[in-house]
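In what follows, a single structure is set out as structure tokens and then discussed.
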Amino acid sequence: MACMSCLAILLSALLFVLILLASRLQHELYLLVNRTVGSSACSWGRYFLNSFKSLIKASAFGSFCMITCLAGSSYVGLVMAGLAPEGSQYDARQYDAKMDELLGNDGQEFFTSYDEVYDSFDAMGLQENLLRGIYAYGFEKPSAIQQRGIVPFCKGLDVIQQAQSGTGKTATFCSGILQQLDYNIVECQALVLAPTRELAQQIEKVMRALGDYLGVKVHACVGGTSVREDQRILSSGVHVVVGTPGRVFDMLRRQSLRPDYIKMFVLDEADEMLSRGFKDQIYDIFQLLPPKIQVGVFSATMPPEALEITRKFMNKPVRILVKRDELTLEGIKQFYVNVEKEDWKLETLCDLYETLAITQSVIFVNTRRKVDWLTDKMRGRDHTVSATHGDMDQNTRDIIMREFRSGSSRVLITTDLLARGIDVQQVSLVINYDLPTQPENYLHRIGRSGRFGRKGVAINFVTKDDDRMLFDIQKFYNVVIEELPANVADLL
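In case it helps, mature numbering (1 follows the signal peptide of the UniProt record, and there is no 0) puts the sequence shown at residues -22 to -1, 1 to 470.
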């Protein structure tokens, strides 16, 4: 039996390597076809390559099933041991060791390597009309990240900037871009990528507002909207394009978005952008941009994997990072409710509903299906809630978010789709109906409350199965999350 287990492991490893090689071959051949023969042939090429990779995966899966049967229960137990949720395998020491390896080699620690701090926007040497836009938007004094981050970006330096949610990261890179644009040239000079449509559209609004007195032309290229409308607007000329990777790459491939004048490239929520789901698309886009280009990377969390990848396309970047135990948001009170079993969460939420309706609240769950399930259950008990997730069409999502921002909708149920950068100022309560599967996502979620120094409350529903993740979150951010007191309404 031991020999069979070893043989099964060896053959499975070989098959896994074959799948990886097929995936990499597909990616490289796709880029080659795209550069040489254009979009039409490229679409046929991708169809062929996808079919090739699917065939290999199917063959590998069939072989894997046969091997597993031969190996017996000892091997099955070995495989299943590695299938635990990623969050349960989090290791803080491994995280810190990796960060030390990446940042410690040249003597740098987790602090900014750019020492200049500007206490006011006026001291930054910004254009007068940009200052007018900044003050008209409601800013009075720059936040900590803005004090350190705007000027190096304005100087054309590559930057990696990390700061807490709700502290003005978006305005930081928007100001840096607006300062450097040549408004006499109506060509795309800056490209900003975001992981979700909602975030891209939010960035577009901030860019447009800050550049109101500069006459900036901004367009959001996101999926779920008209391709022809994108092409029409791009052909008429814009200064800045904000978009999601899929649609932006499509516009570049169609040559509707011309990269010749692009001199600034920004990744917002970079840890998500550079994760496995977006990494290849980012590389595809970057290889189509001019060789000399300024790169900005922004995020509330910056895991070592993201830093490692950024090395491939950044030139001696200024690093403005913070320690992971300094990431938890000040002003947000964090509590947990011990619900024991999954079935008891709904009753607990209904008990809290009157408190939720006092202010605007966001409820996070881990799956799209659960969003629909919980929404139906709450409405079935005559509780007014709205919901949004990635399976909804873009127009529906836009309407729901518009209603929530206006305050006509007060309780929103969603997945992590909303956890990245959506700025709803009035939110003061976040409920994690499900704890996130990764500690890093906890910060993005609770950052929906307490925006720009406002007070906020985060409540976490914890079953027996969630004890490990709650421990990991507290360890990751070096915080103590206390049990929820009886007087919840007094906290808001």
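Every residue gets a Cβ at the ideal spot worked out from N, C-alpha and C, and that includes glycine.
What are the partner residues of residue i, as DSSP defines its beta bridges?
i	result
H197	V219
L252	None; L252 has no bridge partner.
E460	F313
S364	L390
N410	F342 and N438
L245	L171 and V275
I138	V275 and R297
V226	Its beta-bridge partners do not exist; DSSP assigns none.
V405	Q338
With burial defined as no fewer than 16 other Cβ atoms inside 10 Å of the residue's Cβ, what is the status of residue i: buried or exposed?
i	result
V363	buried
E182	buried
R357	exposed
F449	exposed
I336	exposed
E106	exposed
Y314	buried
I163	exposed
R423	buried
D345	The residue asked about is misnamed: residue 345 is Thr in this sequence, not Asp. Looking at its Cβ environment, which holds fewer than 16 other Cβ atoms inside 10 Å, T345 is exposed.
D246	buried
Q233	exposed
P295	buried
F39	Because F39 sits at a pLDDT of 42, beneath the cut-off of 50, its placement in the model cannot be relied upon, and the following sentence gives the value as read from the coordinates. By the neighbour-count rule (16 or more Cβ atoms within 10 Å), F39 is not buried but exposed.
D443	exposed
S269	Going by the sequence as given, residue 269 is Pro instead of Ser. Answer is exposed; the Cβ neighbour count stays below 16.
A198	buried
Y113	exposed
G153	In the sequence under discussion, the amino acid at residue 153 is Ser, which differs from the Gly named in the question. It counts as buried.
G274	buried
Y455	buried
D208	buried
G116	exposed
D136	buried
G103	exposed
G224	exposed
Please name the residue, chosen from the options, that lies closest to residue i on a Cα-to-Cα basis.
i	options	result
K453	Q416, H422 and A464	Q416
N410	Q312, M292 and R297	Q312
Y239	T222, Q272, L245 and Q209	Q272
A464	G224, E176 and L330	L330
I392	S386, S214, S384 and I378	According to the sequence as given, residue 392 is Thr; it is not Ile. Of the candidates S386, S214, S384 and I378, the one whose C-alpha sits nearest the C-alpha of T392 is I378.
L324	V440, R232, K270 and V226	V440
R175	W351, T374 and E461	T374
I128	G116, Y113 and K147	K147
Y420	E318, T279 and Q105	T279
D394	V458, N316, P268 and T366	T366
E118	N456, D100 and P130	D100
S121	Y96, R423 and R210	Y96
R206	M370, L235 and T288	L235
E165	K133, L212, P173 and Q158	L212
R193	L413, Y161, F131 and M447	Per the sequence shown, residue 193 should be read as Gly rather than Arg. Per the Cα distances, Y161.
M447	L462, E461, G425 and D412	D412
A168	Q180, G134 and Q140	G134
N438	D262, A149 and N316	N316
V218	I260, F151, G224 and D228	F151
residue 479	L285, Q179, I263 and C132	A query on residue 479 cannot be resolved here, the shown segment of the chain reaching from -22 to 470 and no further.
K348	G224, T288 and E320	E320
Please check the pair residue i and residue j, which I expect to be a contact at CB under 8 Å, by giving their CB distance rounded to whole angstroms.
i	j	result
T222	V200	5 Å
G434	I310	4 Å
Y191	R126	With 8 Å as the limit, Y191 and R126 do not qualify as a contact, their Cβ atoms being about 25 Å apart.
M292	L171	With 8 Å as the limit, M292 and L171 do not qualify as a contact, their Cβ atoms being about 15 Å apart.
V389	L469	With 8 Å as the limit, V389 and L469 do not qualify as a contact, their Cβ atoms being about 17 Å apart.
residue 471	V216	What the structure shows of the chain is the stretch from -22 to 470, and residue 471 is not part of that stretch, so it cannot be assessed.
I123	R297	Their Cβ separation, rounded to whole angstroms, is 13 Å, which puts I123 and R297 out of contact at 8 Å.
A436	V408	5 Å
V220	M242	Incorrect: roughly 12 Å between the Cβ atoms, too far for contact.
Q338	S406	7 Å
L156	L108	5 Å
L188	L230	Contact doesn't hold; Cβ gap of about 26 Å is too wide.
E94	P281	That pair is no contact at about 27 Å.
I277	D249	It is Ser, not Ile, that sits at residue 277 in the sequence shown. That pair is a contact at about 5 Å.
D371	G202	6 Å
F256	P173	7 Å
Whole runs of the beta strand (DSSP E) within the region 296 to 359, excluding any shorter than 3 residues: Inside the region 296 to 359, DSSP marks whole beta strand (DSSP E) runs of 3 or more residues at positions 296 to 298, 310 to 318 and 338 to 342, from first to last along the chain.
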